[in-house]
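J.:
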Amino acid sequence: MNASFNIEIRRIRELAPGIREFSLGRSDGEDFPVYSGGSHIVLSLPLGERQHRNPYSLLGDPTVRNTWRIAVRKQEQSRGGSAWLHEQAREGMRIDISAPVNLFPLDRLGRHHILVAGGIGITPILSQARELARLGADFEVHYAYRGPEYGVFADELETLAPGRIHHYVATRREQIEFSTLLAGRPLGTHFYICGPAGMVAASMNAGAALGWPESHLHSEQFLAPTGGEPFDVELTLSNKRFTVPSDLSLLEAIEQQGVDAPYLCRGGACGQCETEVISCDGELLHHDLYLSAEERASGKKIMPCVSRLKGGCMTLKL
27 MNASFNIEIR RIRELAPGIR EFSLGRSDGE DFPVYSGGSH IVLSLPLGER
77 QHRNPYSLLG DPTVRNTWRI AVRKQEQSRG GSAWLHEQAR EGMRIDISAP
127 VNLFPLDRLG RHHILVAGGI GITPILSQAR ELARLGADFE VHYAYRGPEY
177 GVFADELETL APGRIHHYVA TRREQIEFST LLAGRPLGTH FYICGPAGMV
227 AASMNAGAAL GWPESHLHSE QFLAPTGGEP FDVELTLSNK RFTVPSDLSL
277 LEAIEQQGVD APYLCRGGAC GQCETEVISC DGELLHHDLY LSAEERASGK
327 KIMPCVSRLK GGCMTLKL
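Note that the sequence shown ends on residue 344 in this note's numbering; no numbers are left out.
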């Protein structure tokens, strides 16, 4: 982790079944820096003898500097991060977090902004909406969630932008029709979405079919690393050779070797951890959202935060 803060968990709120909100403050009593809407931080969580790093979007007012807020949904197949925050985190505990990074920024030149959130994907959308409201920009929010009890930030949104919030509740069989939502929009409109992979893909496909410029379609989704078979790794520049166990990502295993590998999102989206593959005698399992089909087929690149090898050994230029 590069720039970081030691923080105290000031408050924990149960928002809905499986969803918790955490209010964080600096342990030294100083203010946090200002961040921009759509930013995320990486939490370093103590899991036994190792540190587990997870990215979470900041959802509060970007100009409020004494407290940062995140919301965490407990993953059904959590490898420890969300489970620790739901089962072990307590008010008063201290952990380390990274400085904010924004891979999902607003385009301030946009004439109108359509913000769409699916489930816990509301977190970056909420901070974007706050920024747009503060700027006096023209925007609307479309918020989809499972049932009434899961619309955990509905009231905040209605207070922030009354008359501009649209709700879609799955238990009422309500869903967003992206071909309708994106049709007939004036030039200069920008679209932003954070949510489940299928929802994001449907929106991007609809936008492309309607002729939207790719530069006006913005999306964010973090992928959780998946486990798999153990495999061996050799790092040529660091002169390291080790085995990646089934319960660690390649990036986590590299970090355990004391190698300072680059990263920003840890979710396969940003491209920061892209690493050259010198050789491998197994199958590269690409789980990222960054590499092109051609780059994957070449077998020369891997995103260690979410991707791994099936069988054998790989040699990386790291």
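C-beta: ideal position from N, C-alpha, C; glycine also.
Pull up the CB-CB distance for Ala97 and Leu41, whole angstroms please, since I reckon it's below 8 Å.
T.: Numbered from its first residue, the sequence shown carries residue 97 at position 71. Numbered from its first residue, the sequence shown carries residue 41 at position 15. About 7 Å separates the two Cβ atoms, so the contact holds.
J.: Per DSSP, what kind of secondary structure is Gln154 in: helix, strand or coil?
T.: Residue numbering aside, residue 154 sits at position 128 when the sequence shown is read from its first letter. Here Gln154 sits in helix by DSSP.
J.: Just how far apart, CA to CA, sit Asp307 and Gly294?
T.: Numbered from 1 along the sequence shown, position 281 holds the residue referred to as residue 307. Numbered from 1 along the sequence shown, position 268 holds the residue referred to as residue 294. When rounded, the distance between both Cα atoms is 23 Å.
J.: Report yes or no: is there a C-beta of chain C within less than 8 Å of the C-beta of Gly189?
T.: Absent here is chain C; the protein component of the structure consists of one chain.
J.: For Gly253, which residues from the same chain have a beta carbon less than 6 Å from its beta carbon, with the 5 sequence-adjacent residues on both sides left out?
T.: Residue 253 sits at position 227 when you count from the first residue of the sequence shown. Closer than 6 Å at Cβ, skipping near neighbours: Ser272 and Asp273.
J.: Pairs of beta-carbons, one from the stretch 83-97 and one from the stretch 138-152, closer than 8 Å: are there three or more?
T.: yes
J.: Between Thr215 and His313, which are expected to be in contact by the criterion C-beta below 8 Å, what is the C-beta distance as a whole number of angstroms?
T.: As a position in the sequence shown, residue 215 is number 189, starting the count at 1. As a position in the sequence shown, residue 313 is number 287, starting the count at 1. Contact doesn't hold; Cβ gap of about 32 Å is too wide.
J.: Helix, strand or coil for Ile202? Go by DSSP, reduced to three states.
T.: If you number the sequence shown from 1, residue 202 lands on position 176. Ile202 falls in the coil class under three-state DSSP.
J.: Applying the criterion that 16 or more other CB atoms from any shown protein chain within 10 Å of the CB defines a buried residue, is Gly63 buried or exposed?
T.: One-based indexing of the sequence shown puts residue 63 at position 37. Answer is buried; the Cβ neighbour count reaches 16.
J.: Just curious, the alpha helix (DSSP H) that Ile280 is in, first and last residue?
T.: Along the sequence shown, read from residue 1 onward, the residue named residue 280 stands at position 254. That run of the alpha helix (DSSP H) goes Leu276 to Gln282.
J.: Pull up the CB-CB distance for Val303 and Gly325, whole angstroms please, since I reckon it's below 8 Å.
T.: Within the sequence shown, residue 303 is the residue found at index 277, counting from 1. Within the sequence shown, residue 325 is the residue found at index 299, counting from 1. That pair is a contact at about 6 Å.
J.: In the structure shown, what three-state DSSP assignment does Gly145 receive?
T.: Here residue 145 corresponds to residue number 119 of the sequence shown, with the count starting at 1. Helix.
J.: By how many angstroms is the C-alpha of Asn80 removed from the C-alpha of Leu277?
T.: Here residue 277 is taken as the residue at index 251 of the sequence shown, counted from 1. Here residue 80 is taken as the residue at index 54 of the sequence shown, counted from 1. If you take the alpha carbons of Leu277 and Asn80, they lie about 12 Å apart.
J.: Taking all protein chains shown into account, do 16 or more other C-beta atoms lie within 10 angstroms of the C-beta of Pro330, making it buried, or fewer, making it exposed?
T.: Here residue 330 refers to the residue found at position 304 when the sequence shown is read from its first residue. Pro330 counts as buried, since no fewer than 16 other beta carbons sit within 10 angstroms of its beta carbon.
J.: Which residues bound the alpha helix (DSSP H) around Met19?
T.: The structure shown has nothing for residue 19, since the chain only spans 27 to 344.
J.: Quick check: the Cα distance between Glu175 and Arg160, rounded to an integer number of angstroms?
T.: Counted from its first residue, the sequence shown places residue 175 at position 149. Counted from its first residue, the sequence shown places residue 160 at position 134. Rounded to whole angstroms, Glu175 to Arg160 spans 28 Å at the Cα level.
J.: Taking all protein chains shown into account, do 16 or more other C-beta atoms lie within 10 angstroms of the C-beta of Lys327, making it buried, or fewer, making it exposed?
T.: Counting from 1 along the sequence shown, the entry for residue 327 is found at position 301. Buried is the call here.
J.: My understanding is that Gln154 touches Leu135, with C-beta atoms under 8 Å, so please give their C-beta distance in whole angstroms.
T.: Here residue 154 refers to the residue found at position 128 when the sequence shown is read from its first residue. Here residue 135 refers to the residue found at position 109 when the sequence shown is read from its first residue. Actually they are not in contact, since the Cβ atoms of Gln154 and Leu135 sit about 15 Å apart, beyond 8 Å.
J.: On a CA-only basis, which of Cys296, Val68 and Thr269 is nearest Thr341? Give me that one, please.
T.: Position 315 of the sequence shown, counting from 1, holds the residue named residue 341. The residue with the shortest Cα to Cα distance from Thr341 is Thr269.
J.: What would DSSP say about Tyr61, mapped onto helix, strand or coil?
T.: Within the sequence shown, residue 61 is the residue found at index 35, counting from 1. Looking at Tyr61 - three-state DSSP - the assignment turns out to be coil, as it is neither helix nor strand.
J.: Note down the Cα distance separating Leu186 from Ala143, rounded to an integer number of angstroms.
T.: Start at 1 with the first residue of the sequence shown, and residue 186 comes out as number 160. Start at 1 with the first residue of the sequence shown, and residue 143 comes out as number 117. Rounded to whole angstroms, Leu186 to Ala143 spans 16 Å at the Cα level.
J.: Does the beta-carbon distance from Arg36 to Ser53 come in below 8 Å?
T.: Position 10 of the sequence shown, counted from the first residue, corresponds to residue 36. Position 27 of the sequence shown, counted from the first residue, corresponds to residue 53. Not closer than 8 Å, so no.
J.: For Asn231, count neighbouring Cβ atoms within 10 angstroms of its own Cβ and tell me buried if that reaches 16, exposed if not.
T.: Residue 231 sits at position 205 when you count from the first residue of the sequence shown. Here Asn231 is exposed. Its C-beta has fewer than 16 other C-beta atoms within 10 Å.
J.: Give me the Cβ distance between Ile45 and Arg99, rounded to the nearest whole Å; I'm assuming they're in contact under 8 Å.
T.: The residue you call residue 45 lines up with position 19 of the sequence shown. The residue you call residue 99 lines up with position 73 of the sequence shown. About 5 Å; that satisfies the 8 Å criterion.
J.: In angstroms, rounded to a whole number, what distance separates the CA positions of Arg199 and Gly284?
T.: Walking along the sequence shown from the start, residue 199 turns up at place 173. Walking along the sequence shown from the start, residue 284 turns up at place 258. Arg199 and Gly284 have their C-alpha atoms roughly 50 Å apart.
J.: Hey, out of Met225, Glu182, Ala109 and Asn32, whose CA is closest to Leu73's CA?
T.: Position 47 of the sequence shown, counted from the start, is the residue given in the question as residue 73. When each option's Cα is compared against that of Leu73, the closest is Ala109.
J.: Can you give me the Cβ contacts of Arg190 inside the same chain, cut-off strictly under 8 Å, excluding the 5 residues immediately before and after it?
T.: Here the question's residue 190 lines up with position 164 in the sequence shown. Counting only Cβ-Cβ distances below 8 Å, and skipping sequence neighbours, we find Phe165, Glu166 and Val167.
J.: Determine the direct distance from the alpha carbon of Leu152 to that of Gly51, and round the result to whole angstroms.
T.: Here residue 51 refers to the residue found at position 25 of the sequence shown. Here residue 152 refers to the residue found at position 126 of the sequence shown. Near 20 Å, if we compare the C-alpha coordinates of Leu152 and Gly51.
J.: CB-CB under 8 Å to Ala29, same chain, minus the five flanking residues each way: which ones, in chain order?
T.: On the sequence shown, position 3 is the one that residue 29 refers to. These residues qualify, in order along the chain: Ser124 and Ala125.
J.: Quick one: what's Glu260 bridged to in DSSP?
T.: Against the sequence shown, residue 260 aligns to sequence position 234. In DSSP, Glu260 forms a bridge with Arg267 and Thr341.
J.: Looking at Ser264 and Leu236, is the spacing between their C-beta atoms short of 8 Å?
T.: For the purposes of this step, residue 236 is taken as residue 210 along the sequence shown, with counting starting at 1. For the purposes of this step, residue 264 is taken as residue 238 along the sequence shown, with counting starting at 1. Not in contact: Leu236 and Ser264 (Cβ atoms no closer than 8 Å).
J.: Rounded to whole angstroms, what's the CA-CA distance from Gly221 to Ala180? Just pull it up for me.
T.: Looking up residue 221 in the sequence shown gives position 195. Looking up residue 180 in the sequence shown gives position 154. Each residue's alpha carbon lies about 16 Å from the other.
J.: At which residue ranges does the stretch 213-247 contain complete beta strand (DSSP E) runs of 3 or more residues, listed in the order of the chain?
T.: 215-220 and 243-246, all fully within the stretch 213-247.
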